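Residues 1 to 103, numbered by the UniProt record's numbering, are exactly what the sequence shown covers, in order. All remarks here apply to the structure that follows.
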Amino acid sequence: MSECVICQEFLSAEPIGVTNPCGHPFHRECYSQWAAVCARKTSYEGFVSCPTCNASCEDFIHTFVDFHSQPPRTDTQDYGDDDSSLGSIESADLIEKDLSEIN
């Protein structure tokens, strides 16, 4: 799990967002405070640098992440071997056959 480089807390504690275009994640409130400090320190209004990589941030995108959900299962987890794609192909062939019979 990542942490906010501004406050050093885990990102699951509060609403988060990511910087655009570099995509580094921060707590929304931490980034707002960082942006205010950047605005006071520069003569260029609206300039904000990324706290992680110092790139110029065009925007801050609010994201909604559920850190408690389980990752989706993959075919290899479902079938337990490398031949899992065969089951998917066979299922697709059966669906295609059923659709052709309907039409």
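Cβ coordinates follow ideal geometry from the N, Cα and C atoms, glycine included. Quantities reported herein were computed from a predicted structural model and do not represent experimental measurements.
Check: Among Phe64, Cys53, Val18 and Gly46, which one has its Cα closest to the Cα of Cys30?
Finding: Val18
Margin query: On the DSSP letters alone, give me the boundaries of the alpha helix (DSSP H) that Val5 sits inside.
Written below: Note, Val5: premise wrong, no alpha helix (DSSP H); not H, not E.
Checklist line | Entirely enclosed alpha helix (DSSP H) segments - the stretch 17 to 61, minimum 4 residues | finding: 28 to 41
Checklist line | Paired residues, beta bridge with Phe10 - DSSP | finding: Glu3
Notebook entry, point to check: If we count the other Cβ atoms within 10 Å of its Cβ and call it buried at 16 or more, is Phe64 buried or exposed?
Noted result: exposed
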